[in-house]
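Undergrad: Each residue of the sequence shown is one higher than the last, beginning at 463 in our numbering.
I'd like to ask you about the structure that follows.
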Amino acid sequence: MFSPQRIARLAETMAIEVDELAAIMGRGASHSYPAGTWLFHESTPRLWMGIVEEGELEIVRGNHGSTTRLATLRRGSAFSEGVLLDDLPHSASAVAMTDVRVWLIPRAVFEALRVEKPEVFYRMVGHIARRLSGRLAAANEHLVSGRSPVVATWRKEHDSLGERELPDTAYYGVQTLRGMENFPISGIPLHHFGHFVRSLAYVKKAAALANKQLGVLDPVKAGAITAACDEIIAGKWHEHFTIDMIQGGAGTSTNMNANEVIANRALEILGHQKGQYEFLHPNDDVNRSQSTNDAYPTAIKLGVILTMRDATSALRELKASLIAKATEFADVLKMGRTENQDAVPMTLGQEFSAYAATIKDGIRYIERAAEEFLDINMGATAVGTGINSPPGYAELCTMHLSDVSGLPVRIAENLVQSTQDSGPFSLMSGAMKTAAVQLSKICNDLRWLSSGPRCGLYEIRLPAMQPGSSIMPGKVNPVIPEMVSQVCFQIIGADVTISMACEASELELNMAEPIIAFNLFFGLTLLRNAAIALHTRCISGIEPNRERCLEYVRNSIGLVTALNPVLGYERSAAIAKEALATGASVYSLVLEKGWLSKEQLDDLLTPEKMTSPR
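Written out as structure tokens, the structure reads:
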């Protein structure tokens, strides 16, 4: 909890009494989050206001691979104050950069305060409005000052095909320009996937450090290159990674895009102009001891691991949500079904517990596949022989790459094989496909279990997210599970693309790595966002239809299976036959025949005895 002095300062800025603020904060609680945990996601419901007690948070915007860092929050910073103003969803996400502790005050506290002490509530609202107005002004200033300047000057660059002009505001160079012209395909540039761009910078920084240590790169140049890489790792200059993800050349355009951006930024750091490559060259210096054939696949592997972590983090949140529902529904007796026919009773909690275990399996499959990505071929250069790299470079570069990226990468056992074989990419795609198949199965079940409401199963109620028809008033569709299943179809289909692209490797290189990279990054990003939406906009709001579930159990012919040990096979078979012929329920027929009393029958139908006979 915060010190009395801190609470007093906060109360003074909010124009409320110290004891009033202390009472409000006293209705909150402290929560701890490990580094890397997402506290909330963009577009999800805003449920609380937080104050950082210890550690550091980042507020980021962007759900589709490329994120913008909006703010860094440290001790004493308040955030998500908009919970006082409206019920709109979060417009950004919050992620713990270190282990953090946050004091959370739920929305319900402020809703109660508005009723009980409106004068206190609206003084706080006024304070929040002033703070948000200040943030808006700062954002406007950033927008105005950060706007791309008008291109007033041009520079000329040349490559082996000739000379071209580029706007002097561009950090990319002539080879990137040609790639932009040759590959206007998907409209999705490299910078759409921020982890990929950062991974390219990790690779180039590690190479520069190794080359400097081996004495083949001037220390001053190496310092400028690593400084430029650090800026890219921190999120700067990503907009200059402009090549389309889908490209020919086995990733050469991507590699040169990185080389040119880093070289031109390094030239500025050294006091030169962009394009003055006589002082620091994209190929000779930034790409020293490398080939696209080792730098590009290594960056893909690092980027996929980082993107995978975001996806599995979201899947863990989904799993936790399913576990919570399994506990909540533990006493809801329902009929299990096999082959869409009545089977035997179970609990709704058991059904949701199985879903949570399924998601856990999917996470495990993906993480196991990602372990194979730690084997890299840096130092292989063109075909795995290490041509044009100094002795010891592969080991040293790999060591530096582990240091700068924080990932325990290691040299592949056979660099020739690692350069030509795309097996690990296929393995990851297969794991993603398996997780997608499992996730879509869960969504299919949610749609069936919520079908109706009058003419379907209707054993659960999904939260109503939007009107479901332009012609049928009152209809509400299971739009979130529908969306998630479509995401799963995309990932499943992409597995075919990745499989074909992996098979397309010929002799010493796979030319199809760009389409592999695109589908891995895109698929993991889709999986992450789908898991977040399913958790926050569907699972967390599901309610059981207890009466409907119990009614199905009592009316089901399958009930005789559970009664068989008590009634015996002959009587159980006879009553099943009579129930089918007359339409009467097994429950009512047993009572009518006096074979069991209502107390005995209800006791047999308790969830404990029906679903846990041991």
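Every residue, glycine too, gets a C-beta built ideally from N, C-alpha and C.
Values in this document were obtained by computation on a predicted structure and should not be read as measured data.
To the nearest angstrom, how far is it from the Cα of L639 to the Cα of L628?
TA: 8 Å
Undergrad: Within the continuous alpha helix (DSSP H) that includes E1040, where are the two ends?
TA: Y1031 to T1044
Undergrad: Classify Q803: buried if its beta carbon has 16 or more other beta carbons within 10 angstroms, exposed otherwise.
TA: exposed
Undergrad: Compute the distance between the beta-carbons of L877 and G848, then report whether it is under 9 Å.
TA: yes
Undergrad: Quick one: using the 10 Å Cβ neighbour count with 16 as the cut-off for buried, is A632 buried or exposed?
TA: By the neighbour-count criterion, in which 16 or more other beta carbons inside 10 Å mark a residue as buried, A632 falls on the buried side.
Undergrad: Beta-carbon within less than 7 Å of V582's beta-carbon, same chain only, minus the 5 sequence neighbours each way: which residues are those?
TA: I478, E482 and L575
Undergrad: Which same chain residues end up closer than 7 Å to T896 when comparing Cβ atoms and leaving out the 5 residues on each side of it in sequence?
TA: G824 and Y827
Undergrad: Output the distance between the C-alpha atoms of I647 and M476, rounded to the nearest integer angstrom.
TA: 53 Å
Undergrad: Express the C-alpha separation of I960 and S891 in angstroms, rounding to a whole number.
TA: 7 Å
Undergrad: Per DSSP, what kind of secondary structure is V871 in: helix, strand or coil?
TA: coil
Undergrad: Go through the segment 503-560 residue by residue and report every complete run of the beta strand (DSSP E) that reaches 3 residues or more, in order.
TA: List check, beta strand (DSSP E) in window: 510-516, 519-523, 530-535 and 555-558.
Undergrad: Within this structure, are the beta carbons of N1017 and S1047 separated by less than 9 Å?
TA: yes
Undergrad: May I ask you to report which of helix, strand or coil DSSP gives L598?
TA: DSSP places L598 in helix when its eight states are reduced to three.
Undergrad: Can you give the Cα-Cα distance for S815 and I687, rounded to whole angstroms?
TA: 51 Å
Undergrad: By DSSP, does H620 sit in helix, in strand, or in coil?
TA: strand
Undergrad: For D1064, count the other beta carbons within 10 Å of its own beta carbon; 16 or more makes it buried, fewer makes it exposed. Which is it?
TA: exposed
Undergrad: Quick one: residues in its chain with C-beta nearer than 6 Å to the C-beta of P943, no 5 flanking neighbours on either side, listed in chain order?
TA: C905, L908 and R909
Undergrad: Do R990 and T714 count as a contact pair if the criterion is CB distance below 9 Å?
TA: no
Undergrad: Would you decide whether T800 is buried or exposed? Buried here means 16 or more other CB atoms lie within 10 Å of its CB.
TA: Exposed.
Undergrad: How would you label Y1031, buried or exposed, when you count the other beta carbons within 10 angstroms and need 16 or more for buried?
TA: exposed
Undergrad: Please go through the segment 614-676 and give each complete beta strand (DSSP E) segment of 3 or more residues, from N-terminal end onward.
TA: 616-621 and 624-629
Undergrad: Once the 5 residues before and after G737 are set aside, which same chain residues still bring their CB inside 6 Å of it?
TA: These residues qualify, in order along the chain: R617 and E619.
Undergrad: Jot down the residue ranges of each uninterrupted alpha helix (DSSP H) in the segment 795-851, minimum 4 residues, whole runs only, in chain order.
TA: 810-833
Undergrad: Just confirm the distance between the C-beta atoms of T881 and V871, as a whole number of angstroms; I'd bet it's less than 8 Å.
TA: T881 to V871, Cβ: 15 Å. No contact.
Undergrad: At what residues does the beta strand (DSSP E) containing I567 begin and finish?
TA: V562 to P568
Undergrad: In angstroms with no decimal places, state the Cα-to-Cα distance between R531 and M707.
TA: 23 Å
Undergrad: Please look up how many angstroms separate the CB atoms of S888 and C1011, rounded, as I've assumed it's under 8 Å.
TA: Their Cβ separation, rounded to whole angstroms, is 43 Å, which puts S888 and C1011 out of contact at 8 Å.
Undergrad: Run through DSSP, which three-state label would R750 get?
TA: Residue state, collapsed to three classes: coil.
Undergrad: Given a cut-off of 9 Å on the beta-carbon distance, is the pair E701 and V636 in contact?
TA: Between E701 and V636, the CB-CB gap reaches or exceeds 9 Å.
Undergrad: Taking the alpha-carbon positions, what's the V613 to D630 distance?
TA: Unreliable placement is indicated for V613, whose pLDDT of 48 sits below 50; the coordinate value is still reported in the next sentence. The alpha-carbon atoms of V613 and D630 are separated by roughly 7 Å.
Undergrad: Measuring CB to CB, does G527 end up less than 9 Å from F835?
TA: no
Undergrad: Grab the span of the beta strand (DSSP E) containing A491 for me, first residue to last.
TA: A491 to Y495
Undergrad: Using DSSP bridges, identify the partner residues of P1006.
TA: I922
Undergrad: Under 8 Å by Cβ, that's how I've got V514 and R536 pegged, so tell me the actual separation to the nearest angstrom.
TA: 6 Å
Undergrad: Is the Cβ-Cβ distance between I705 and D756 less than 9 Å?
TA: Taking a C-beta distance under 9 Å as the contact criterion, I705 and D756 do not qualify as a contact pair.
Undergrad: Residues in the same chain with beta-carbon distance under 6 Å from A484, minus the five sequence neighbours each way, listed in chain order, please.
TA: Scanning its chain for C-beta atoms nearer than 6 Å, with the 5 sequence neighbours on each side dropped, one finds around A484 the residues I469, in chain order.
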